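*Asks:*
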Amino acid sequence: AQSVTQLGSHVSVSEGALVLLRCNYSSSVPPYLFWYVQYPNQGLQLLLKYTSAATLVKGINGFEAEFKKSETSFHLTKPSAHMSDAAEYFCAVRKRGSNYKLTFGKGTLLTVNP
Amino acid sequence: EAGVTQFPSHSVIEKGQTVTLRCDPISGHDNLYWYRRVMGKEIKFLLHFVKESKQDESGMPNNRFLAERTGGTYSTLKVQPAELEDSGVYFCASSQEGTGGEQFFGPGTRLTVL
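Same order as they appear, the protein sequences are chains G and Z. Each residue of the first sequence is one higher than the last, beginning at 14 in our numbering. Each residue of the second sequence is one higher than the last, beginning at 74 in our numbering.
#1: Taking only three categories from DSSP, how would you classify GLU79(G)?
#2: When you compare only the Cα positions, how much space is there between THR146(Z) and ASP97(Z)?
#3: Looking at chain G, is there any beta carbon in it that lies within less than 8 angstroms of the beta carbon of GLY179(Z)?
#4: Considering only DSSP beta bridges, list what THR64(G) is partnered with.
#5: The region 33 to 57 of chain G: which residues have C-beta closer than 9 angstroms to a C-beta of chain Z, in chain order?
#6: Just checking: is the beta-carbon of VAL77(Z) within a distance shorter than 8 angstroms of some beta-carbon in chain G?
#7: Which residue's Cα is closest to the Cα of ASP103(Z): GLY179(Z), LEU157(Z), ARG110(Z), SER167(Z)?
#8: Do three or more CB pairs link the region 76 to 96 of chain Z to the region 66 to 76 of chain G at distances below 8 angstroms?
#9: With a Cβ-Cβ cutoff of 8 angstroms, do VAL50(G) and ALA94(G) count as a contact?
#10: Tell me the DSSP bridge mates of GLN19(G)?
#11: Let me check one thing: in DSSP terms, what residues is GLU101(G) bridge-paired to?
#12: Based on the DSSP secondary-structure assignment, which residues constitute the bridge partners of GLN176(Z)?
#13: Chain Z beta carbons: is any one of them nearer than 8 angstroms to that of GLY72(G)?
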């Protein structure tokens, strides 16, 4: 069975500081990996995904994540936080191949301080 | 193009009552998923439709939950009778057929059972 662990349910950074949200996964074979973001009163929006092409994946709004097989990690980073980045972020995994269910982590709430 | 829509956005009911949630996927998306997030927990998969057929219903909690997708368009999720532990946010997502299909999420329905 697949599982996802997000370290830190709440991360607080200052505007302009580095954002680092951690995600580790457990899977018998390398899965597809995703980061979703949920802004207040909105649905989940896909930030980026890893599907076995380049291990460094660039997403929307300046976010990127690096797939590290040896560490079973897929941490999300952004060099400089903006106030508009305040949201809840979810890491998810999915079995490779056709349309399968997503398995989510518990989410990390990002607060950006002025 | 319209995104995934869900109705209602909020529902407050008494224990023992019945509630029906509706999801309209993106037009042309054959795959439709239901997920649920109970407060403080991760988003969990409930079931997956391909057109009108249930592809995977392994996440359905018990037989008080009934999902339908007549005609392969919109879907309903009925909870009857509702229990306190059914409270949470119910998300619907849809995707096109094919490998790596991104799941597009609706804004969710917040269900409160009193």
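Where a beta carbon is used, it is the ideal one built from N, C-alpha and C, also for glycine. Note that the structure is predicted; figures quoted are calculated from it, not measured.
*Replies:* This is what the structure gives:
#1: The residue labelled residue 79(G) in the question sits at position 66 within the first sequence. GLU79(G): strand per DSSP, three-state reduction.
#2: Residue 146(Z) sits at position 73 when you count from the first residue of the second sequence. Residue 97(Z) sits at position 24 when you count from the first residue of the second sequence. Going from the Cα of THR146(Z) to the Cα of ASP97(Z) covers about 7 angstroms.
#3: Counting from one through the second sequence, the residue named residue 179(Z) turns up at place 106. GLY179(Z) counts as touching chain G.
#4: Indexing the first sequence from 1 puts residue 64(G) at position 51. None, per the DSSP bridge assignment.
#5: So the list reads TYR45, PHE47, TYR49, GLN51, ASN54, GLN55, GLY56, LEU57, given in the order they occur along the chain.
#6: In the second sequence, the residue the question calls residue 77(Z) occupies position 4. Yes, contact with chain G.
#7: What you label residue 103(Z) is simply residue 30 of the second sequence in a count that begins at 1. Closest by alpha carbon: SER167(Z).
#8: no
#9: Along the first sequence, one-based indexing puts residue 50(G) at 37. Along the first sequence, one-based indexing puts residue 94(G) at 81. No, Cβ-Cβ distance for VAL50(G) and ALA94(G) is not below 8 angstroms.
#10: Working through the first sequence from its first residue, we reach residue 19(G) at position 6. DSSP output for GLN19(G) lists CYS36(G) as bridge partner(s).
#11: For the purposes of this step, residue 101(G) is taken as the residue at position 88 of the first sequence. GLU101(G) is bridged to GLN51(G), LEU122(G).
#12: Counting from 1 along the second sequence, the entry for residue 176(Z) is found at position 103. Bridge partners of GLN176(Z): none, in fact.
#13: Sequence index remark: in the first sequence, residue 72(G) carries index 59 (1-based). Judged by the 8 angstroms Cβ criterion, GLY72(G) is not in contact with chain Z.
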